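K.L.:
Numbering (the working numbering), first residue to last: 66 to 678.
#1: Count the C-beta pairs between the stretch 368-386 and the stretch 320-333 that are closer than 8 Å, then say yes if the count reaches three, no if not.
#2: Grab the span of the alpha helix (DSSP H) containing residue 560 for me, first residue to last.
#3: Name the one or two DSSP bridge partners that residue 256 has.
#4: Mind checking which residues open and close the alpha helix (DSSP H) that includes residue 486?
#5: Where does residue 559 land, buried or exposed, given buried means 16+ other C-beta within 10 angstroms?
#6: DSSP on residue 578, reduced to helix/strand/coil?
#7: Would you call the stretch 246-256 and the stretch 212-220 touching, i.e. three or more CB-CB distances under 8 Å?
#8: Between residue 481 and the rest of its own chain, which residues show a CB-CB distance below 6 Å, the 5 nearest in sequence each way excluded?
#9: Please state if the CB of residue 543 and the CB of residue 638 are separated by a distance shorter than 9 Å.
#10: Tell me which residue opens and which closes the alpha helix (DSSP H) that residue 604 is part of.
#11: Which residue or residues does DSSP assign as beta-bridge partners of residue 610?
#12: Determine, using beta carbons only, whether residue 576 and residue 377 come nearer to each other than 9 Å.
#13: Between the C-alpha atoms of residue 381 and residue 438, what's the straight-line distance to the nearest angstrom?
#14: Alpha carbon to alpha carbon, how far is residue 228 from residue 578?
#15: Could you give the distance in angstroms between the alpha-carbon of residue 624 and the alpha-carbon of residue 538?
#16: Taking only three categories from DSSP, how would you classify residue 293?
#17: With 16 other CB atoms within 10 Å as the buried threshold, where does residue 574 fall?
#18: State the Cα-Cα distance for the pair residue 212 and residue 188, rounded to the nearest angstrom.
#19: Closer than 7 Å by C-beta to residue 386: which residues in its own chain qualify, once you throw out the five before and the five after it? Chain order, please.
#20: Start and end of the alpha helix (DSSP H) containing residue 444?
#21: Whole angstroms are fine: how far does the CA of residue 334 sit from the CA of residue 281?
#22: How many Å lie between residue 598 and residue 545 at the Cα?
#23: Identify, in the order they occur along the chain, each residue of the same chain with its Cβ nearer than 8 Å to the Cβ of residue 307, setting aside the five sequence neighbours on each side.
#24: Of the choices 236, 164, 287 and 231, whose alpha-carbon is the least far from that of residue 572?
#25: Just reading off the alpha helix (DSSP H) that residue 515 is part of, what are its end residues?
#26: With distances taken Cα to Cα, identify the nearest neighbour of residue 620 among 608, 602 and 609.
#27: When you compare each of 530, 564, 562 and 566 to residue 551 by their alpha carbons, which one comes out closest?
#28: By the three-class DSSP mapping on this structure, what secondary structure does residue 352 have?
#29: Please tell me whether residue 509 and residue 517 are closer than 9 Å, where the distance is taken between their beta carbons.
#30: Look up residue 67 in the DSSP assignment and say whether it is helix, strand or coil.
#31: Just how far apart, CA to CA, sit residue 447 and residue 322?
#32: Taking contact to mean at least 3 C-beta pairs separated by less than 8 Å, is the stretch 310-322 in contact with the stretch 490-498?
#33: Quick check on this structure: which residue in 556, 266, 454 and 197 has the alpha carbon closest to the alpha carbon of residue 251?
#34: Write down the C-beta distance between residue 450 and residue 629 rounded to the nearest angstrom, noting that I regard them as a contact closer than 8 Å.
#35: Does DSSP put residue 250 in a helix, a strand or coil?
Encoded structure:
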């Protein structure tokens, strides 16, 4: 191809324009620095075609590809393109990204927190003599999801850094949908326990839920504007509150719908015939409904474009990254790349991009540095400490509900037994959890992540100390108030920030893997909190007191909240900083700027070095 053909393509000049010199030379120096080079003044050229706003996007967001395609240096193109994303005005495409990611977290939360109501109904159906599952079975069902979640967080986190965010996004929802429906249709047989089948499918569902954590966090952070990144990520995570609320509401409406079948049964031992069938249908509907929102979000996840940061820094495909920006803003699932221009730029970009290339050796080298290791320890340790108490408490609401007056023991029939359980959960979620999530959304970019997390851990430490050491002397109203405050500061505190910070502080090439490691640490904490610590509450149980050690369990939770205060010190404040600043990936900018200035000085001295095109 002639030099003019390349020149015309990169500058977008009309076909009628001729830039060939009388001596036949190619004006490549003008191409490289059209404004800085003195020869540019002697060229007579038509102005570039006007850049129209991208269809379907925010008109204030410029067409990045048309503006930056003429820049030969891939590092400069990367810097300018990512700056456009960071400084973009908040638009509907940001809202779309939050909704698509948030629906997944709504589903995750619904599936996780409906388990406390699920185990109650399974006890009524399959253990009518006692009305409750054996402790080992109850714990196995509750812990199975967390076990699968650990696998999903580590596996999907790593794969998203290797093969890309787009290729993995949506796969986790497919797993959740399939496993949810399989649970709802589970049945026992002479050779297979129904509880074993349910546990198996909840482990598989947990793998999908685990994959959603790093993927949704990373995709949201890499598409977000710097100013509103914290609010966008917190809004995605805040959908957990609505998922918890929805699970309790579905339970309440199911109870109302089957009221005529449930009321005749005065005791669990008399819940036979139509009552037993009704409860069996209720738990299947409760579980199966969790797949509905996942089906709605699936198409949009499968068609989301790859994040430009991944395409720049890991795939090292400059042309594709530019087009991914356009596709995201325009609402398309993939950019339309000029394959000729892509081939011309791709090889040079792979060789010249100054961002380190991902690999196992580089991964271990990166985390062998004390600063980076302590950062990972801070994010993972904080999440671990949080989930010990958060899940240990949240998945055992029944004990707290009994103390605050929504006891199932005083119910006159099975209808009241299940209705009180649902309404008690609604009260707790609405009073503490949902407000806490959305206060975080409103303030996270103003107060900062570290401030909210440290303040939350400190307040939770105090609340758990009060609940634990004065548990047997606090009135039911006082305990309810403290418990609601704890739920509020869980969510206006470390439960939100432990999700946000790992999606910001690590480099693009290991961001998803590092987030997965941090999240998996949290779920390991939830397994310990639920499987080891929480079970201590029944130590020395009597017919009149089924949780005599509950006060000591709360004291142990206070210790973990205190440890969380110290792990928080290891993380930096991330508000109002770009992802590249936080991860150190823009260190190349200083080097690049000095090289660029040197070239310009040489140009003005009349001895420019001929750049390659």
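Here a beta-carbon is modelled for each residue, glycine too, at the ideal position from N, C-alpha and C. Since this is a predicted model, take the numbers as computed values, not measurements.
P.N.:
On the basis of the coordinates in this document:
#1: Fewer than three beta-carbon pairs drawn from the stretch 368-386 and the stretch 320-333 are found closer than 8 Å, and the two stretches are therefore not classed as touching.
#2: It spans 559-565 - the alpha helix (DSSP H) in which residue 560 sits, taken as one unbroken run.
#3: Looking at the DSSP assignment, residue 256 forms no beta bridge with any residue, so it has no partner.
#4: Start and end: 479-493.
#5: A buried status is given to residue 559, since no fewer than 16 other beta-carbon atoms sit within 10 Å of its beta-carbon.
#6: Residue 578 falls in the helix class under three-state DSSP.
#7: No, the stretch 246-256 does not touch the stretch 212-220.
#8: Nothing listed; no residue qualifies.
#9: No, Cβ-Cβ distance for residue 638 and residue 543 is not below 9 Å.
#10: For residue 604, there is no enclosing alpha helix (DSSP H), since its DSSP letter is neither H nor E.
#11: Its beta-bridge partners are 607.
#12: Annotated as distal: residue 576 and residue 377, with beta-carbon spacing of 9 Å or more.
#13: In a straight line, the C-alpha of residue 381 is about 26 Å away from that of residue 438.
#14: Rounded to whole angstroms, residue 228 to residue 578 spans 12 Å at the Cα level.
#15: Straight through space, the alpha carbons of residue 538 and residue 624 are spaced by roughly 21 Å.
#16: Look at residue 293 here: in three-state DSSP terms it is coil, with no helix or strand label.
#17: Its Cβ being crowded by 16 or more others within 10 Å, residue 574 is buried.
#18: Looking at the two C-alpha atoms, the distance is approximately 22 Å.
#19: Taking residue 386 as the centre and dropping the five residues before and after it, the same chain places the C-beta of 146, 373, 376 and 377 closer than 7 Å to its C-beta, in chain order.
#20: According to the DSSP assignment, residue 444 belongs to the alpha helix (DSSP H) that extends over 435-459.
#21: Residue 281 and residue 334: Cα-Cα distance of roughly 45 Å.
#22: Cα-Cα distance, rounded: 22 Å.
#23: Excluding sequence neighbours, residue 307 sits near 171, 174 and 499.
#24: Measuring from the Cα of residue 572, the nearest candidate turns out to be 287.
#25: Note, residue 515: alpha helix (DSSP H), 514-534.
#26: Check the Cα spacing between residue 620 and each of 608, 602 and 609: the tightest is with 602.
#27: Answer by Cα proximity: 530.
#28: Three-state DSSP puts residue 352 in a helix.
#29: In contact: residue 509 and residue 517 (Cβ atoms closer than 9 Å).
#30: At residue 67, the pLDDT of 49 sits below 50, so the modelled position is not reliable; the number obtained from the coordinates is stated separately. If DSSP states are grouped into helix, strand and coil, residue 67 belongs with coil.
#31: About 42 Å.
#32: By the Cβ test, the stretch 310-322 is in contact with the stretch 490-498, since at least three Cβ pairs between them sit closer than 8 Å.
#33: The residue with the shortest Cα to Cα distance from residue 251 is 266.
#34: Under the criterion of beta carbons closer than 8 Å, residue 450 and residue 629 qualify as touching, at roughly 4 Å.
#35: The three-state reading of DSSP puts residue 250 in coil, since its state is none of H, G, I, E or B.
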